[in-house]
Amino acid sequence: MFSVCLLSRYMGVPMRQHMLAAKRVLRYLKGTLTHGIWYKKAGEGEGEESLVGYTDSDYAGDLDDRKSTSGYVFFLAGGAVSWSSKKQPVVTLSTTEAEFVAAAGCATQCIWLRRILEQMEWRSSVQGGTRIFCDNNSAIKLSKNPVLHGRSKHIDVRFHFLRDLVKAGTVDLVHCGTASQVADIMTKAVKNETFEFLRGKLGVKEMAEVVVAQRSEVEDELKSYQASVQGRMLKLEVGGANQK
2 MFSVCLLSRY MGVPMRQHML AAKRVLRYLK GTLTHGIWYK KAGEGEGEES
52 LVGYTDSDYA GDLDDRKSTS GYVFFLAGGA VSWSSKKQPV VTLSTTEAEF
102 VAAAGCATQC IWLRRILEQM EWRSSVQGGT RIFCDNNSAI KLSKNPVLHG
152 RSKHIDVRFH FLRDLVKAGT VDLVHCGTAS QVADIMTKAV KNETFEFLRG
202 KLGVKEMAEV VVAQRSEVED ELKSYQASVQ GRMLKLEVGG ANQK
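Right under this line is the structure:
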């Protein structure tokens, strides 16, 4: 997603290196045709039925205008259902401010998703406040602190919409470690090992692996059923012998 976001910034005046990068993205897509997001059915995982979000941001990553890139991912049923990688509309003056702006954008998407789930009568997924994980403690404190101080008084009013949502209990910003920040893959290019790890966290799996796992589950259920039938037959035989 980040690669597509980055390439889209140069659509107006593309150069050769941009075309090469676009071809690399297409080669990746060609090589992962058998991959897809795998969602779990109800009851397979604890807490999987609740809507959960992750928000992250780099800092001044665009060397042309020094704007940061926001990224978020929302999960439901064990897989990603909504995600975004987007350059922020303003230049931020600190990592805290960049993370706060990213969290505000994530919160607006959260409201939209909650309304859709409520219309679908999937209210169990949005009971209470929706947890949004952020790896910046200062941004979390800023969202809960109503006092404007030197580090936040210049932030646009529209981004303080996040504070209202936190105060109302609609959104619950929770700290998570950087290593567990799934949205990191939406904000910058990462190493191959990190990319594959985070891709797996998004719920992306190769379909062959899923088929093998399902086959194993079916075989286990079949063995359990056969053992149950054999047990019942043995009881019937013992009961018949006792009657004789």
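Yeah, the sequence shown ends on 245 if you go by my numbering, and it's all consecutive.
All residues carry an ideal CB built from backbone N, CA and C; glycine is no exception.
For S9, the enclosing alpha helix (DSSP H) starts and ends at 3 to 9. In this structure F160 is buried. Its beta-carbon is surrounded by 16 or more other beta-carbon atoms within 10 angstroms. Contact between M187 and G37 is absent: CB atoms are separated by about 19 Å, not below the 8 Å threshold. Under the three-pair Cβ rule at 8 Å, the segment 172 to 187 counts as touching the segment 49 to 56. Annotated three-state conformation of I112 is helix, per DSSP. Taking a 10 Å sphere around the C-beta of Y73, we find 16 or more other C-beta atoms and assign the residue as buried.
Taking 8 Å as the cut-off, the Cβ atoms of A99 and S69 count as close.
The Cβ atoms of I133 and V91 lie no closer than 8 Å to each other.
Residue pairing for W84: DSSP places it in a beta bridge opposite V74. Q227 counts as exposed, since fewer than 16 other beta carbons sit within 10 angstroms of its beta carbon.
Taking a contact as a CB-CB distance under 8 Å, the pair G80 and Y40 counts as one, their CB atoms being some 4 Å apart. Distance check between A140 and each of L223, G232, L64, T96 places T96 closest, using alpha-carbon atoms only. Contact check for C177 against D136 passes: the beta carbons are separated by less than 8 Å.
With contacts defined by Cβ atoms closer than 8 Å, D173 and T131 form a contacting pair. Rounded to whole angstroms, G13 and H19 show a C-alpha spacing of 11 Å.
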